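Structure, as structure tokens:
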Amino acid sequence: MYSEIAANKRRSFFLIVLFTSFVLGVIWLFSYENIQAFGLYSLMAIVYVVVSYLASSKLALSVNGARAIEKKDNPRLYRIVENLAITEGLPMPKVYIMDDPAPNAFATGRNPKNASVCATTGLLDIMTDSELEGVMAHELGHVKNYDIRVSMVAFALVSLVGLIADLLLWGSFASSDDDDDSGGGQLFIFLRLAAVFIAPIVALLIQLAISRRREYLADATGALTTRYPEGLASALEKIGQYGSATSKQHPSTAHLFFANPLRGKGFNSLFSTHPPVADRIAKLRNINSKL
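Rendered as structure tokens:
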């Protein structure tokens, strides 16, 4: 289990480096080999990512209609989270409940000190205590592994790539009116136009890869915390039966959830931020056989 966690961390780190390099490459296309412009645009990009990163946690809770609770509001959920936080040696996160019949949950925040975890009413209704403990251990696994930070940075970078792609499109049309008919100038315009269409797709694929790796890692971490992988596997089986699509559809926060909260099957599953439920169950059962 420890080797699997370490391997997932290495892969996620590699993907973040790849993602950052890709964004810098797109910025280089926009700056047209002008070093000063490249530096300025890179600085602006950093500011954009930082602002998005700082604001995204509260926004994720708000758009999904999550409400904060105290222990008296739902002793069962609060105590499970509290016990898991003590077990992991983590600060007690803020606990939220989302009024939605779909069984699901998510974690958000910049770091363990200001983390928040949220469970839907649907999850609380259908899960046994051991299953609910498995799901919340998974979410605290995201907190412990700083997945919440990685996910927010990845989301901010995807948004940034979309913004740059729009600017590239505008810049390409503006460049086409210039008097520079040289082969190099025409080639650069072509590269810009190609980046307009390719960059958002590549950015999305990298974000999906990061999210999927992190889900496997959080499953392994949660199983290690509870020492009972079967609880989490059983919870996933129930979610596979009931479905995890929430009433409110927010693609921008889908990667935060325990299971895919968006509707759509078939081809759309290729672009899901979550790995197949059956694969996650199989990995957990394999971990269980080794404990």
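Per the numbering used here, residue -3 is the first one in the sequence shown, and the count goes up by one each step. Don't be surprised by glycine CBs; every beta carbon is placed ideally from N, CA and C. Just so you know, these numbers come straight off a predicted model, no measurement behind them.
Helix or strand or just coil, what does DSSP make of residue i?
| i | result |
| --- | --- |
| residue 90 | strand |
| residue 254 | coil |
| residue 173 | Any reading at residue 173 needs caution, since the residue's pLDDT is 49, under 50, leaving its predicted position unreliable; the model's value is listed next. Coil. |
| residue 150 | helix |
| residue 16 | helix |
| residue 63 | strand |
| residue 290 | A query on residue 290 cannot be resolved here, the shown segment of the chain reaching from -3 to 287 and no further. |
| residue 274 | helix |
| residue 53 | helix |
| residue 117 | helix |
| residue 33 | helix |
| residue 222 | helix |
| residue 111 | coil |
| residue 242 | coil |
| residue 249 | helix |
| residue 104 | strand |
| residue 132 | helix |
| residue 81 | helix |
| residue 279 | helix |
| residue 190 | helix |
Do you know how far the Cα of residue j is from the Cα of residue i?
| i | j | result |
| --- | --- | --- |
| residue 6 | residue 284 | 23 Å |
| residue 60 | residue 144 | 16 Å |
| residue 130 | residue 12 | 28 Å |
| residue 298 | residue 257 | Only positions -3 to 287 of the chain appear in the structure, and residue 298 is not among them; the question remains open. |
| residue 34 | residue 248 | 28 Å |
| residue 37 | residue 108 | 32 Å |
| residue 69 | residue 117 | 13 Å |
| residue 259 | residue 111 | 27 Å |
| residue 65 | residue 89 | 11 Å |
| residue 56 | residue 27 | 33 Å |
| residue 237 | residue 86 | 32 Å |
| residue 24 | residue 201 | 21 Å |
| residue 208 | residue 15 | 15 Å |
| residue 78 | residue 115 | 14 Å |
If you drop the 5 nearest sequence neighbours on each side, which residues of the same chain put their C-beta closer than 8 Å to that of residue i?
| i | result |
| --- | --- |
| residue 221 | 80, 83, 84, 133, 136, 137 |
| residue 214 | 134, 135, 137, 138, 141, 143 |
| residue 106 | 49, 50, 53, 144, 145, 148 |
| residue 234 | 99, 122, 123, 127 |
| residue 245 | 257, 258, 259 |
Taking the beta carbon of residue i as the centre, do at least 16 other beta carbons fall within 10 Å, making it buried, or is it exposed?
| i | result |
| --- | --- |
| residue 113 | buried |
| residue 104 | buried |
| residue 240 | buried |
| residue 193 | exposed |
| residue 62 | buried |
| residue 157 | buried |
| residue 146 | buried |
| residue 39 | exposed |
| residue 58 | exposed |
| residue 232 | buried |
| residue 10 | exposed |
| residue 255 | buried |
| residue 159 | exposed |
For residue i, collect the residues of the same chain with a Cβ closer than 6 Å to its Cβ; drop the 5 residues on either side in sequence, then sort them by chain order.
| i | result |
| --- | --- |
| residue 253 | 100, 102 |
| residue 211 | 270, 271 |
| residue 204 | 269 |
| residue 273 | 232, 236 |
| residue 243 | 96 |
In chain order, what residues of the same chain lie with their CB nearer than 7 Å to the CB of residue i, ignoring the 5 residues before and after it?
| i | result |
| --- | --- |
| residue 198 | 18 |
| residue 126 | 224, 227 |
| residue 217 | 1, 137, 140, 141 |
| residue 173 | Confidence at residue 173 is low in this model, with a pLDDT of 49, below 50, so its placement is unreliable and no value can be given for it. |
(message) Below 8 Å, how does it come out for the stretch 139 to 159 and the stretch 36 to 50: are there three or more Cβ pairs, yes or no?
(response) Touching, yes.
(message) Three Cβ pairs or more, each shorter than 8 Å: is that satisfied between the stretch 15 to 26 and the stretch 67 to 81?
(response) Contact between the stretch 15 to 26 and the stretch 67 to 81 is absent, because fewer than three Cβ pairs lie under 8 Å.
(request) Tell me, please, whether the stretch 271 to 279 touches the stretch 93 to 110 by the rule of three or more beta-carbon pairs shorter than 8 Å. (result) Because the criterion of three Cβ pairs below 8 Å is not met, the stretch 271 to 279 and the stretch 93 to 110 do not touch.
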